[in-house]
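One structure below.
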Amino acid sequence: NHSLKNLLVDIGNKSPTFELREQVVNEVRAEDGRSRYFLQAARIDRQRNELYDVTIYDVSDPTRHRTTYADSGTMAFNELGTDLYLTLHDGVIYEAGGNREGGFTRVTFEEQVVPLRGVGDILERRTGGGQRSDREMSISMLASSAREKEAEASEAAEELRARSLEAVRQALGLETEDADGEDGGGAVASTVARRTSTALPRDDLTESVALVARTKASQERSLRLTASRYRVEIHKKYTIPFACIVFVLIGAPIAVRFPRGGVGMTIAVSVGVFAIYWMGLIGGERLADRGIVDPALSMWTPNILFFLAGLAMSMRLGRWVATARGGGWDDLLFTLKRLAASPVRRLRGEGSA
4 NHSLKNLLVD IGNKSPTFEL REQVVNEVRA EDGRSRYFLQ AARIDRQRNE LYDVTIYDVS
64 DPTRHRTTYA DSGTMAFNEL GTDLYLTLHD GVIYEAGGNR EGGFTRVTFE EQVVPLRGVG
124 DILERRTGGG QRSDREMSIS MLASSAREKE AEASEAAEEL RARSLEAVRQ ALGLETEDAD
184 GEDGGGAVAS TVARRTSTAL PRDDLTESVA LVARTKASQE RSLRLTASRY RVEIHKKYTI
244 PFACIVFVLI GAPIAVRFPR GGVGMTIAVS VGVFAIYWMG LIGGERLADR GIVDPALSMW
304 TPNILFFLAG LAMSMRLGRW VATARGGGWD DLLFTLKRLA ASPVRRLRGE GSA
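In this text, residue positions in the sequence shown follow the numbering used here: the first is 4, and each later residue adds one.
Written out as structure tokens, the structure is:
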């Protein structure tokens, strides 16, 4: 996933294939993204790579405008095919702006080479790996990141505990660390002295402690939720492949259970089973991301339930194969009605008893 994302980013940053059209103002962007040219040619001989009646507008510098006119020219790429060199013949260059306000320059030439760098169609790949999202990390990366976030959360909780103890000492007028006195009387006297000299106003102390508590508690919760998301991704890398086994275990009994329904009915039931599984998986993931449910429990519960259902259906597979009746849409509706009415029948039976 990470390599694919980097490739798509490189393709998105790549300029379209360079192509010049006759009697059209063609925009040419250079490799650096700042150099911009507009090129127009009355006629282009593509076999000889020659241009006739050429006009080039250089708008790279907003403070300086340069326009080049040439009777003809030739174009050629470098060996790598990335840079285009235009060799113009018998032309003139008009340039306005620059250091002199209102200045104007006119230069004639017999031959002028104009390099247009980075206009080729070669895809350049970035050397850096970039930052990975949680879905692009490997299992070892996710486990390491989860442990790191959990350690940071524990550190934040310890800082909150230490700050709370310090606030209690300040409220009692005690120093952070009591000095050892020579005897008990001296210790009591020094404690009373410290209590009267270092006590803080209650309002300021309460406000300070509350602010620190909210900050540290929010930081700890955020770190633990991040670690929980990493744990969810770790279990997803196992549960989704295991789901293939579960679907195979369920798919065969479904096809045998409804023989008269045809392929359409089998597909409909399979889509329903997959939808229920998907809702369970997504719901469990969201609960785990919010820290409500343990990541392992939320991600493995759908697999366990459907695996047990598949085992139960497989155990009854022989009886379904032996009978030739049933298996149509009417049988499916009858089965659903019976399942829906079974709790009512059970309650009636208990009431009569």
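Here a beta-carbon is modelled for each residue, glycine too, at the ideal position from N, C-alpha and C.
Which whole-angstrom value is the C-beta distance of residue i and residue j, which I expect to be below 8 Å?
| i | j | result |
| --- | --- | --- |
| SER63 | SER38 | 4 Å |
| ILE59 | THR77 | Their Cβ separation, rounded to whole angstroms, is 14 Å, which puts ILE59 and THR77 out of contact at 8 Å. |
| ARG67 | ILE96 | The pair is not a contact, with the Cβ atoms about 12 Å apart (cut-off 8 Å). |
| VAL276 | GLY287 | With a Cβ gap of about 17 Å, VAL276 and GLY287 do not count as contacting. |
| ALA73 | VAL57 | 4 Å |
Which first and last residues belong to the beta strand (DSSP E) in which residue i is found?
| i | result |
| --- | --- |
| LEU311 | Looking at the DSSP string, LEU311 is not in any beta strand (DSSP E); the run it does join, the alpha helix (DSSP H), is 298-318. |
| GLU53 | 53-61 |
| VAL110 | 107-119 |
| GLY94 | 87-100 |
| ARG46 | 39-48 |
| VAL31 | 29-32 |
| ASP74 | 67-80 |
Take residue i as the anchor and find which of the options has the nearest alpha-carbon.
| i | options | result |
| --- | --- | --- |
| LEU314 | ARG120, PRO256, SER273, ILE295 | PRO256 |
| GLU151 | GLN26, ARG293, SER225, VAL57 | SER225 |
| ALA291 | VAL215, LYS239, GLU223 | LYS239 |
| ARG145 | MET316, ALA230, ILE253 | The identity of residue 145 in the sequence shown is Leu, whereas the question assumes Arg. Residue ALA230 is the option with its Cα nearest to LEU145. |
| ALA213 | ARG166, ILE248, PHE250 | ARG166 |
| ARG138 | LEU119, ARG234, GLY121, PRO305 | ARG234 |
| LEU83 | ARG120, PRO298, ALA258 | ARG120 |
| PRO305 | LEU284, ALA271, ILE253, VAL296 | LEU284 |
| ARG227 | GLY294, GLY254, ARG32 | GLY294 |
| ALA99 | ASN52, ILE279, PRO65, ALA299 | PRO65 |
| ALA312 | VAL117, HIS92, ASN52, ALA246 | ALA246 |
| THR142 | VAL251, ILE307, TYR241 | Sequence check: residue 142 is Ile here, not Thr. Taking only the C-alpha atoms, the option nearest ILE142 is TYR241. |
| HIS92 | GLU53, GLU162, PHE80, THR85 | GLU53 |
Mind checking residue i: buried by the 16 CB within 10 Å criterion, or exposed?
| i | result |
| --- | --- |
| GLN50 | exposed |
| MET302 | buried |
| GLY61 | It is worth fixing the name first, because residue 61 is Asp in this sequence and not Gly. ASP61 should be labelled buried. |
| ARG232 | buried |
| SER148 | buried |
| TYR40 | buried |
| PHE107 | exposed |
| MET140 | buried |
| MET268 | buried |
| ALA159 | buried |
| GLN366 | Outside the displayed span of the chain (4 to 356) sits residue 366, for which this structure offers no information. |
| ALA327 | Because the pLDDT at ALA327 is just 47, under 50, the model does not fix this residue reliably, and the value given afterwards should be weighed accordingly. Exposed, since its Cβ has fewer than 16 Cβ neighbours within 10 Å. |
| ARG217 | exposed |
| ILE243 | exposed |
| ARG260 | buried |
| ILE253 | buried |
| ARG30 | Here the sequence assigns Glu to residue 30, which means Arg is not the residue at that position. Under this definition GLU30 is an exposed residue. |
| GLU223 | buried |
| GLU236 | buried |
| VAL27 | exposed |
| ALA156 | buried |
| PRO118 | exposed |
Minimum length 4: unbroken alpha helix (DSSP H) runs contained in the segment 146-172: You should have found no qualifying run.
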